[in-house]
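When you read off a place in the sequence shown, starting at 1, and then add 272, the result is the number in this note's numbering.
Reading through the structure tokens given below for one structure.
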Amino acid sequence: MPESSRENTSWVDEKDARIIYFLRPRARRISIKMDTAGRGVAVTVPGHARRLKDAQKFVHEKYDWILVQLETMPVAQPFVDGGEVLFRGELYKLYSPSLRGHPSFNKELGHLIVPAHPDTLAGRTKRFLIREAREALTNCTHVHASTLGKQVDKISVRDTSSRWGSCVSRKSGTHISYSWRLVCAPPFVLDYVAAHECAHLVHADHSKNFWGLCDELVDTVKPAKAWLRKHGDKLHAVGAEN
Ligand SMILES: [Zn+2]
Numbered sequence: 273m274p275e276s277s278r279e280n281t282s283w284v285d286e287k288d289a290r291i292i293y294f295l296r297p298r299a300r301r302i303s304i305k306m307d308t309a310g311r312g313v314a315v316t317v318p319g320h321a322r323r324l325k326d327a328q329k330f331v332h333e334k335y336d337w338i339l340v341q342l343e344t345m346p347v348a349q350p351f352v353d354g355g356e357v358l359f360r361g362e363l364y365k366l367y368s369p370s371l372r373g374h375p376s377f378n379k380e381l382g383h384l385i386v387p388a389h390p391d392t393l394a395g396r397t398k399r400f401l402i403r404e405a406r407e408a409l410t411n412c413t414h415v416h417a418s419t420l421g422k423q424v425d426k427i428s429v430r431d432t433s434s435r436w437g438s439c440v441s442r443k444s445g446t447h448i449s450y451s452w453r454l455v456c457a458p459p460f461v462l463d464y465v466a467a468h469e470c471a472h473l474v475h476a477d478h479s480k481n482f483w484g485l486c487d488e489l490v491d492t493v494k495p496a497k498a499w500l501r502k503h504g505d506k507l508h509a510v511g512a513e514n
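Now the structure itself:
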């Protein structure tokens, strides 16, 4: 077994658990980056684990600045009874009126109703949102793929951190994967991401032709992209504990 595979490659800061150090053997210098998906700060430890001490010193020197950066992150929306949850682009109130029953939502009242024991509320709420995301994304994908006369062999919905969607074509078939968090964005944003990934069934790039095709599939490319740029971080705050 090579030496490196037995070593740690990440560490949590002793002072602030939101700060995580990552060993990057090829990196040249220590760097600090906001990790909105991870709801914290990612610090690059270049080269060897021995540099961890240097990185920690660097972080503690810059700690005031880091705190200011963390303040700008969207406020966490833990799944708790009475808490607010961004869902379909609007703020819903999460209610857990009973232990048993099927989760549902009421658009008029802005209520997300998830019957559960307090200990299982967070898990049940997340599973409900994933199910809603899967249904909405599957529908949109099929609509756009059939407009293009293309077939999608597999659609998956996951908790991806860096991309809202991806499209892979292999011999075994085409596979489109999405972040479940898109269900928290307005429906036109979710639909745009589905159209974007389906347009990749025709163009594997982001060429002019690709964007032209996106515009044919949906007429909200610009506002949807603007929404994701401006509010995308908020999607990562949904269900976050801190
Ligand atoms: Zn793309």
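Where is the CB? At the ideal position from N, CA and C, for every residue including glycine.
According to DSSP, simplified to helix, strand and coil, what is residue 427? strand
Do the stretch 279 to 299 and the stretch 331 to 339 make contact, defined as three or more Cβ pairs closer than 8 Å? yes
Run of the alpha helix (DSSP H) containing residue 418, from where it starts to where it stops: 390 to 419
Applying the 10 Å Cβ sphere with the 16-neighbour rule, what's the burial state of residue 317? Residue 317 is classed as buried because its beta carbon has at least 16 other beta carbons within 10 Å across all chains shown.
Taking all protein chains shown into account, decide if residue 347 is buried (16 or more other Cβ within 10 angstroms of its Cβ) or exposed. Under the 10 Å beta carbon count, residue 347 is surrounded by fewer than 16 other beta carbons and is classified as exposed.
In three-state DSSP terms, what is residue 245? Any question about residue 245 goes unanswered here, given that the chain covers just 273 to 514.
Note down, in chain order, each residue of its chain lying with its Cβ closer than 8 Å to the Cβ of residue 507, except the 5 sequence neighbours on either side. 358, 451, 453, 454, 456, 457
Go to residue 442, then tell me how far its beta strand (DSSP E) extends in each direction, as first and last residue. 437 to 442
Secondary structure of residue 377, DSSP reduced to three states: strand
Per DSSP, which one or two residues make a beta bridge with residue 353? None, per the DSSP bridge assignment.
Span of the beta strand (DSSP E) around residue 291: 291 to 296
For residue 306: DSSP bridge partner residues: 313
Contiguous beta strand (DSSP E) assignments of at least 3 residues, all confined to the stretch 439 to 479: Every beta strand (DSSP E) of 3 residues or more that sits fully in the stretch 439 to 479 is shown, in chain order, as 445 to 451.
From the DSSP output, in three-state form, read off residue 331 for me. helix
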